[in-house]
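Inspection log for the structure reproduced underneath, given as structure tokens.
Protein chains: 2
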Amino acid sequence: MMAYANKAFDAFTVKLGRKIQELREAKGYSQEKLAYLSDLDRVSIGYIEQGRRSPKLSTLFVLAKQLDVSVADFFTGL
Amino acid sequence: MMAYANKAFDAFTVKLGRKIQELREAKGYSQEKLAYLSDLDRVSIGYIEQGRRSPKLSTLFVLAKQLDVSVADFFTGL
């Protein structure tokens, strides 16, 4: 990926993580509960929410199902 | 990923591919042009548009930039 895109993508990933955290908290789920329901490990959820890891699309798909939102909702306004 | 989620995710990936193709064509770009501008290979664009490959988030980020849309636009209505 081109250099400018790397920096911009890192910032995008941080904003995405914050949005996922917001939607999880709005649902009243802990990271542990969301991880359990999504068949993911809690550490991965933590890394994704901190923007330290860019989630796979399949992960976003499962998280959206468990949080009763659409995948588009994760990206709205980013 | 859980079995039901696999099938549903495959269908989601096909719809996403179609949406990317729609937005590319609306921009008047060929797959070759979009691949060149995005520093991707044309075959990858083809697989993604056919729903045969689930794009990485970084790929969607670059494609959105080149098509002058938001990443959310790829997922709206899926």
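Residue numbers (the UniProt record's numbering), protein chains in the order written: chain A, 1 to 78; chain B, 1 to 78. Yeah, the Cβ is synthetic: ideal placement off N, Cα and C, and Gly gets one too.
Neighbour list for B/V71 in chain A, Cβ cutoff strictly below 8 Å | Working through the second sequence from its first residue, we reach residue 71 of chain B at position 71. Simply F12, F75, L78.
Taking all protein chains shown into account, do 16 or more other C-beta atoms lie within 10 angstroms of the C-beta of A/A64, making it buried, or fewer, making it exposed?
-> Residue numbering aside, residue 64 of chain A sits at position 64 when the first sequence is read from its first letter. Its Cβ being crowded by 16 or more others within 10 Å, A/A64 is buried.
Return helix, strand or coil for B/R52, following the three-state DSSP convention.
-> For this step, residue 52 of chain B is matched to residue 52 along the second sequence. It is coil, neither helix nor strand.
Between B/L78 and B/S58, what straight-line distance do the alpha-carbon atoms span, to the nearest angstrom?
-> Taking the first residue of the second sequence as position 1, residue 78 of chain B is located at position 78. Taking the first residue of the second sequence as position 1, residue 58 of chain B is located at position 58. B/L78 and B/S58: Cα-Cα distance of roughly 19 Å.
Cβ pair A/G46, A/V14 closer than 7 Å = The residue given as residue 46 of chain A occupies position 46 in the first sequence. The residue given as residue 14 of chain A occupies position 14 in the first sequence. No, these two residues do not count as a Cβ contact at 7 Å.
Quick one: give me the first and last residue of the alpha helix (DSSP H) that A/S38 is part of.
-> The residue given as residue 38 of chain A occupies position 38 in the first sequence. Counted as a single uninterrupted DSSP element, the alpha helix (DSSP H) harbouring A/S38 occupies residues 31-38.
Determine the extent of the alpha helix (DSSP H) in which A/T59 is found, giving its start and end residues.
-> As a first step, residue 59 of chain A must be located in the first sequence, where it is residue number 59. Here the alpha helix (DSSP H) through A/T59 covers 57-67.
If you run the structure through DSSP and keep just helix, strand and coil, what is A/G77?
-> For the purposes of this step, residue 77 of chain A is taken as residue 77 along the first sequence, with counting starting at 1. Coil at A/G77, not helix or strand.
Would you kindly work out how many angstroms separate the C-alpha atoms of B/L37 and A/G17, rounded to a whole number?
-> As a working note, residue 37 of chain B is residue 37 in the second sequence. As a working note, residue 17 of chain A is residue 17 in the first sequence. Taking the straight line from one Cα to the other gives about 27 Å.
Would you say B/L40 and B/R24 are within 7 Å of each other, going by their C-beta atoms?
-> Taking the second sequence and counting its residues from 1, the one referred to as residue 40 of chain B is at position 40. Taking the second sequence and counting its residues from 1, the one referred to as residue 24 of chain B is at position 24. Contact flag unset, no.
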